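Engineer:
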Amino acid sequence: MTTTDNPAARLDALVGVWTGEETLQGGVTGRTTSVAHRRLGAFVVADHYQVRSDGRVYDNHLIYGWDDKRGRYSVVQFDSAGRGGDAMYGDWSGDTLTFSAATPGGHFRYAYVFAGESYAFTFARSKDGTSWDTVVSGRFRRARP
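Written as C-alpha cells, this is what we have:
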C-alpha cells in the first residue's frame, strides 16, 4: 500500500524508539524516551512517551492517525497528570508535520520537523492564534526502528 492509497503511511516517520531531551517553559529539562508502533492495520501510530525530570516520571500516550472525513492527520494525547483527550488536526509540509487546535482555553500547536533519523519538536500555545509561546521544545534521535 502506498502513501497515496493510505495517507496514514506517512506517519511511519514517527515509528521507532526515540531518545532525547526536552526543555519546558521556565528552563526545566527532562530526558525523554518515545516508543511508537503501528496499530490497527497500519492506520494508527500509538506512542508511549516518557519524560524523566528531577526524579519524577511523566507518562504520555499519543494516538496519531488519518481522519478520512477531514482529509487531515489527527493526534490525541493523554498524560499521567490527567490531561488530554481533545483531538488536534494537521498536515505535512515537506518534512514538517504540524497539528493545531483552537479551544475556549486558547490555541495549541505541535510541530515535528524531521531530518533523517532525528526530529525537533515544539509544543506552543497562544491566546489569540497569532502570538505564540513555546511550552516545550526538544530534539530526538531514533535509537532503533
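Here the working numbering is used: the first residue of the sequence shown is 1237, the next is one more, and so on.
Cβ coordinates follow ideal geometry from the N, Cα and C atoms, glycine included.
Source: prediction; values computed, not measured.
Where does Met1237 sit, in a helix, a strand or coil, going by DSSP?
Structural biologist: Any reading at Met1237 needs caution, since the residue's pLDDT is 39, under 50, leaving its predicted position unreliable; the model's value is listed next. Correct three-state label for Met1237: coil.
Engineer: The beta strand (DSSP E) that contains Leu1333, what's its start and end?
Structural biologist: Thr1332 to Thr1339
Engineer: Mind checking Gly1263: buried by the 16 CB within 10 Å criterion, or exposed?
Structural biologist: exposed
Engineer: Please name the residue, chosen from Ser1316, Thr1334, Thr1339 and Trp1368, that lies closest to Asp1322 on a Cα-to-Cα basis.
Structural biologist: Thr1339
Engineer: Can you name the residues that DSSP bridges to Asp1327?
Structural biologist: Beta-bridge pairing by DSSP links Asp1327 to Thr1334.
Engineer: Would the beta-carbon of Asp1331 fall within 8 Å of that of Val1349?
Structural biologist: Remark: C-beta atoms of Asp1331 and Val1349 approach each other more closely than 8 Å.
Engineer: How is the beta strand (DSSP E) around Trp1254 delimited, first residue to last?
Structural biologist: Gly1252 to Leu1260
Engineer: Let me confirm a value: Gly1307 is counted as buried when at least 16 other C-beta atoms fall within 10 Å, else exposed. Which label applies?
Structural biologist: exposed
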